[in-house]
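Take 474 as the starting number for the sequence shown in my numbering and just add one per residue.
Glycine included, each C-beta is placed from N, C-alpha and C at the ideal position.
Worksheet for the structure shown next.
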Amino acid sequence: MSRFAGREGPIRLGMVGGGSGAFIGAVHRIAARLDGKYQLVAGALSSTPERARESAAALGIPRSYDDFTAMAKAEARRRDGIEAVAIVTPNHMHGPVAREFLKRGIHVICDKPLTATLAEAKRLQQAAEKADALFVLTHNYTGYPMVREARALVASGALGRLRVVQVEYPQGWMAAPVANKQAEWRNDPVRGGAGGSTGDIGTHAYNLARFVTGLKVEALAADLSEFVEGRQNDDNAHVMLRFEGGARGMLWCSQVAVGHENSLRLRVYGEKGGLEWAQENPTELWHTPLGEPKRLITRMGAGAGPEAARVSRTPAGHPEGFLEAFATIYSEAAEAILAHREGKSPPEGVTYPGIADGLEGMAFIDACLRSSRRNAAWVVP
């Protein structure tokens, strides 16, 4: 049973990174607040102590720390210390920060990708497996109700044996040189990792395909490009996929696709039918049974099952989007954390990405890099 057994009220949450000007930090804070299951009480919001304190004061966070190690030690000693921490730093800091909190029994909710390198990901996996704490990775697109519905349809056999899986995530925001904080660390192989678009959005696409289909990738062949002069990490990738059981697929991720914003899309085709879902119309799932008209399944409409319903918040006709999907991951994590307090298993249906998903993502990036260096040769992830 957890040392937090018997604790009542919202889960006390800390945050590392995510200070002033950090987009993803704000997203995590909104997601944590949305369902009322967390209270943000501590943070080490910047590597610059003064900025960390200023950010904490602006956000009304009562306890500010100058660095994450001091925060982990102090919070573990407090009777009212944090039970979970959100990590929203650049990628190279995910591993060191997570290990400090995991070894003190504090649950970790970490932004993706898992780390900057595959070797670091494996070290973090070992730490997570030894810890008496949960590890949650925020592949937030798995939180959409219609993604849950698509997964349930595939698992039910509605599509039959799967044949083709197509997933893409094009953006256009880095089609020309970009000079801001978000682009700068992503183009640094040390802080962002060796993968550029593959790590930043390709891992989301890969995880989505894996989550919905349940199929493991046996081999891949990747062609990575750095189209913008001076860019050190890839900004476009075409990846051919061979799945277990004979299904074939393709993944395209790009940050130089002019005209696209966040155009994540998944298509799955089997012997008995096909599915199509697009993140920019997230409340709609198209299902086409073989030989029948295409059917539109909506979040709370006819055809939607319990998997979609249990992660929906608003009545039909009121769209739920990116922030709500992100909040679903936090809510699922909260259910698991509350169960962990009492030494119990999470309630039935609770699903969230974990350390294994993160390691798969890092293996995907590593395999893409190895393949591309060998002129898009087939490699095993």
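Item                                                                                                                                                     : Value
Quick check on Val500: buried or exposed, where buried means 16 or more other Cβ atoms within 10 Å of its Cβ?                                            : buried
Measure the C-alpha to C-alpha separation of Ile573 and Ala545 and round it to an integer number of angstroms.                                           : In the sequence under discussion, the amino acid at residue 573 is Glu, which differs from the Ile named in the question. For Glu573 and Ala545, the distance between alpha carbons rounds to 6 angstroms.
Cα separation between Arg656 and Lys745?                                                                                                                 : According to the sequence as given, residue 656 is Ala; it is not Arg. When rounded, the distance between both Cα atoms is 43 angstroms.
Have a look at Arg772, Gln639, Gly834 and flag the residue whose alpha-carbon is nearest the alpha-carbon of His711.                                     : Gln639
Under 8 angstroms between the Cβ atoms of Ser670 and Asn709?                                                                                             : yes
Looking at C-alpha atoms only, which residue of Glu757, Lys767, Thr761 is the closest neighbour of Ala789?                                               : Glu757
At which residues does the beta strand (DSSP E) containing Asp696 begin and terminate?                                                                   : 690-698
When the Cβ atoms of the region 664-680 are set against those of the region 552-569, are three or more pairs found closer than 8 angstroms?              : yes
In terms of residues, what are the limits of the beta strand (DSSP E) holding Ile770?                                                                    : 768-771
Nearest to Ala592 by alpha carbon, out of Pro569, Glu691, Gly827, Gly554?                                                                                : Pro569
Verify the CB distance criterion: does Met488 have a CB-CB separation below 8 angstroms to chain C?                                                      : The displayed structure is made up of one protein chain only, and chain C is not part of it.
Among Pro755, Glu527, Glu523, whose alpha-carbon lies nearest the alpha-carbon of Leu769?                                                                : Pro755
Would you say Val620 and Thr686 are within 8 angstroms of each other, going by their C-beta atoms?                                                       : no
State the Cα-Cα distance for the pair Met723 and Leu714, rounded to the nearest angstrom.                                                                : 6 angstroms
Where do the ends of the beta strand (DSSP E) carrying Leu626 lie?                                                                                       : Premise fails: Leu626 lies in the alpha helix (DSSP H), 618-629, not in any beta strand (DSSP E).
Using the beta-carbon count (16 or more within 10 Å), is Gln599 buried or exposed?                                                                       : exposed
Buried or exposed: where does Glu797 fall if 16 or more other Cβ atoms within 10 Å of its Cβ makes it buried?                                            : buried
Where in the region 718-797 do unbroken runs of the beta strand (DSSP E), each at least 3 residues long, occur, reported from the N-terminal end onward? : 721-727, 738-743, 746-751, 757-762, 768-771
Per DSSP, Phe716 is paired with what?                                                                                                                    : Val690
Counting C-beta neighbours from all protein chains within 10 Å, is the total for Gly491 16 or more, i.e. buried, or is it exposed?                       : buried
In chain order, which beta strand (DSSP E) runs of at least 3 residues are fully inside the region 483-523?                                              : 484-490, 511-517
Starting from Arg608, follow its DSSP beta bridges and name the residues at the other end.                                                               : Just to set this straight, residue 608 is Phe in the shown sequence, not Arg. Looking at the DSSP assignment, Phe608 forms a beta bridge with Val581.
Which residues does DSSP pair with Arg536 in a beta bridge?                                                                                              : Ala515
Sort out for me which residues DSSP pairs Gln639 with in a bridge.                                                                                       : Met723, Arg740
Under 6 angstroms Cβ to Cβ from Gly857, same chain only, skipping five residues before and after it: list those, please.                                 : Here the chain covers residues 474 to 854 and nothing more, so residue 857 does not appear.
Taking 8 angstroms as the threshold (C-beta atoms), are Ile838 and Thr676 in contact?                                                                    : yes
I need the straight-line Cα distance from Arg721 to Gly747, nearest angstrom please.                                                                     : 14 angstroms
Need the endpoints of the beta strand (DSSP E) that Ala559 sits in, please.                                                                              : 557-561
Have a look at Ala782 and Thr761 and give me their C-alpha separation to the nearest angstrom.                                                           : 21 angstroms
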